[in-house]
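Just so we're aligned: the sequence shown equals residues 2 to 509 in the numbering used here.
Each residue gets a CB set at the ideal place from its N, CA and C atoms; glycine is no exception.
From a predicted model like this one, the values you see are computed outputs, not experimental measurements.
Each remark here refers to the structure printed beneath this line.
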Amino acid sequence: MTKPTSPFVTLSLSQAKVVLLAKAVEQTDGKSGAWTSTDSQSVSLKTAHALGESASSERFLFERAKRVLELADERHEATHVNTKANPTLALAWLLILTAFAGGVALDQLGNVEHVINLLAPPFWSVLLWNLVVYVVLIGCALGCIGYGKNRFSLPLRNLLQWCAQHSSHLPLQRGLRGSFYTDWSRLTAPLVRLHVARCLHAAAIAFSLGLICSLLFRGFGTAYWVGWESTWLSEQPETVKAILDWTYGLVPTFEALPAMPDLELVKNLRTDQLPYLKEPVSAAPWLIRMMVMLAVVVIVPRLLFILFDTWRIRRWQKRVSLPIADPYFQNLLQDQELQGSLGALRIVAPKTASEAAFDRLETLLDFWGDETGNDIEAMDYYADCILAPEWPVGERPSTILVYFDATATPESDVHGNLTEALRTMLAAQGHERFAVLLDKGPFAERNKNYPDRWLERLRAWQALCDETGVALFVLGETQDEQIDFIKRVRNWSLSGSPIVADAAEDKQ
Numbered sequence: 002m003t004k005p006t007s008p009f010v011t012l013s014l015s016q017a018k019v020v021l022l023a024k025a026v027e028q029t030d031g032k033s034g035a036w037t038s039t040d041s042q043s044v045s046l047k048t049a050h051a052l053g054e055s056a057s058s059e060r061f062l063f064e065r066a067k068r069v070l071e072l073a074d075e076r077h078e079a080t081h082v083n084t085k086a087n088p089t090l091a092l093a094w095l096l097i098l099t100a101f102a103g104g105v106a107l108d109q110l111g112n113v114e115h116v117i118n119l120l121a122p123p124f125w126s127v128l129l130w131n132l133v134v135y136v137v138l139i140g141c142a143l144g145c146i147g148y149g150k151n152r153f154s155l156p157l158r159n160l161l162q163w164c165a166q167h168s169s170h171l172p173l174q175r176g177l178r179g180s181f182y183t184d185w186s187r188l189t190a191p192l193v194r195l196h197v198a199r200c201l202h203a204a205a206i207a208f209s210l211g212l213i214c215s216l217l218f219r220g221f222g223t224a225y226w227v228g229w230e231s232t233w234l235s236e237q238p239e240t241v242k243a244i245l246d247w248t249y250g251l252v253p254t255f256e257a258l259p260a261m262p263d264l265e266l267v268k269n270l271r272t273d274q275l276p277y278l279k280e281p282v283s284a285a286p287w288l289i290r291m292m293v294m295l296a297v298v299v300i301v302p303r304l305l306f307i308l309f310d311t312w313r314i315r316r317w318q319k320r321v322s323l324p325i326a327d328p329y330f331q332n333l334l335q336d337q338e339l340q341g342s343l344g345a346l347r348i349v350a351p352k353t354a355s356e357a358a359f360d361r362l363e364t365l366l367d368f369w370g371d372e373t374g375n376d377i378e379a380m381d382y383y384a385d386c387i388l389a390p391e392w393p394v395g396e397r398p399s400t401i402l403v404y405f406d407a408t409a410t411p412e413s414d415v416h417g418n419l420t421e422a423l424r425t426m427l428a429a430q431g432h433e434r435f436a437v438l439l440d441k442g443p444f445a446e447r448n449k450n451y452p453d454r455w456l457e458r459l460r461a462w463q464a465l466c467d468e469t470g471v472a473l474f475v476l477g478e479t480q481d482e483q484i485d486f487i488k489r490v491r492n493w494s495l496s497g498s499p500i501v502a503d504a505a506e507d508k509q
């Protein structure tokens, strides 16, 4: 696998949640503070080894995150977080119902009693406002009006976005949940914007439906007539007729809709002239025209926007761009690149090794990763005829370690000859990565009051390994030292160059 050049990885929303939750687990103390860097390194090694170098960054991060959460659950750490914003859903419905009520109430404005004003400002304001919104939305889509961080939005939309982003959690939460929600809010900001936009489109439809319902029902119990009034156009009936023709007149005429009025009738429809009409003009056809105009200008376009936003939401949920510029992700992906190409770990150990020694070796295999070829072969180091284990050569190169207890004094004719014989036979099988594992634990326990003795013993073993031309790795006692041991062995196995144990590190 080559190191990713993109600053993002593409995951589904559910996968991104798992990855961010694992990140929060690792970067905050759990209930018992039990999560350590050793745990993180162990999970990384196992995941990289199990998936191999061909695994994508997306798969590695997701599979690794699942292992982190499984381990946290085993330790009874609370890792459940709620990302379903139920308060936001309630707020959305409240906004929609309020918009409907506002539409019902708006129809009462701008009309005198029993007269529908054809030039009523509230009605025309609704149409013009929606047309302006469409122009702005198209301009934003084309990049002409705001883009990226300079995205154009009104205060109401900004307020709704803030409420939606903070409704699923308390802003003062700390620890794991606080860390998770910080990343989650940042990641899902585009999704929240889409949900808010869809909610506002639904509210606009509800507002228009409220206005239409008011227009429908107000005429059942009361007779309404039609007229017009205007301060600026009162002496310009020709202009008023042109306005009516280019707006109401665009609605196709059918049986229920009579033709548009002529100029003389338009003059007589001025509200101060209505009392002098022989027969007042019924408002029914004009109410129908109003409802058709609302449907064409508001309801149908907004429904299309809702469908479009719904499609965008579903697409976004399937393809979330998770930023990986954070050092946390960069370190993980670098580890994957280094560790994913190695095969099994095979260890040769003496039959006489203690049970504790075999337990430590089993731990090493566990840290190495999920590899079916991992194996420990116990053999008689002092047999007259040395036969190396027969291990198959896999697609990924195996790493072979021959185990020695540091309590043994290194001897060229014993340990040196054994090492050389095993290396030669295993190389003939195709296993080229061969090194010595020196178990420091028993020696350190016996000589814990004499640290200089360890340095002397280490130098003796190092001289033997130099003589035979193999790398030497020292296995410590603690879990951290064992993880470090695995990392050093893996790095050596990847590079193919001998690594000499650092005596400065092993003074401990």
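My understanding is that G211 touches V299, with C-beta atoms under 8 angstroms, so please give their C-beta distance in whole angstroms. Not really, about 11 angstroms apart at Cβ, beyond 8 angstroms.
Rounded C-beta distance between W317 and L195? I'm assuming under 8 angstroms. 7 angstroms
For G140, which residues of its own chain have a beta-carbon under 7 angstroms away from its beta-carbon, when the five flanking residues on both sides are left out? I146
Taking contact to mean at least 3 C-beta pairs separated by less than 8 angstroms, is the stretch 279-297 in contact with the stretch 244-256? yes
Taking the straight line between their C-alpha atoms, what separation do you get for T425 and E78? 49 angstroms
Three or more C-beta pairs below 8 angstroms linking the stretch 13-32 and the stretch 466-475: no
Those residues which DSSP pairs with F435 across a bridge: I401
If you follow the beta strand (DSSP E) that V116 is in, where does it begin and where does it stop? V116 to N118
Report the CB separation of A17 from L323 in whole angstroms; it is logged as a contact under 8 angstroms. 5 angstroms
When the Cα atoms are used, what is the spatial distance from K47 to L308? 44 angstroms
Quick one: what does DSSP say V1 is sitting in, helix, strand or coil? There is simply no residue 1 to check, as the chain begins at 2 and stops at 509 in what is shown.
Inter-residue spacing [alpha-carbon to alpha-carbon] between K352 and L438: 15 angstroms
State buried or exposed for F101, treating a residue as buried only when at least 16 other CB atoms are found within 10 Å of its CB. buried
Taking the beta strand (DSSP E) that R347 falls in, what are its first and last residues? L346 to P351
Under DSSP, the alpha helix (DSSP H) around E446 begins and ends at which residues? G442 to R447
Considering only the alpha carbon of each residue, which of T39, V116, P191 and L201 lies closest to P156? L201
Return the CA-CA distance between W369 and R361, expressed in angstroms with no decimal places. 12 angstroms
Starting from W226, trace the beta strand (DSSP E) both ways and give me its first and last residue. W226 to G228
With DSSP as the reference, identify every bridge partner of S283, one or two as the case may be. W226
Tell me whether D440 is buried or exposed, calling it buried when 16 or more other Cβ atoms sit within 10 Å of its Cβ. buried
Between the alpha carbons of R313 and T189, how many angstroms are there, rounded? 13 angstroms
Where does F221 fall in DSSP's three states? coil
Going straight from the alpha carbon of R303 to that of Q337, what length do you get? 47 angstroms
Length of the line joining the Cα atoms of R60 and L72: 18 angstroms
Should Q1 and S180 be called a contact, given that it needs their Cβ atoms to be closer than 7 angstroms? Nothing about residue 1 can be read from this structure; the chain reaches only from 2 to 509.
Helix or strand or just coil, what does DSSP make of E586? Examination of residue 586 is not possible in this model, given that the chain is present from 2 through 509 alone.
Provide the residue(s) that pair with T11 in DSSP beta bridges, ordered along the chain. S322
Measure from the alpha carbon of T39 to the alpha carbon of each residue in K488, W493 and D246, then state which is nearest. K488
Alpha-carbon to alpha-carbon, V10 and L473: 39 angstroms
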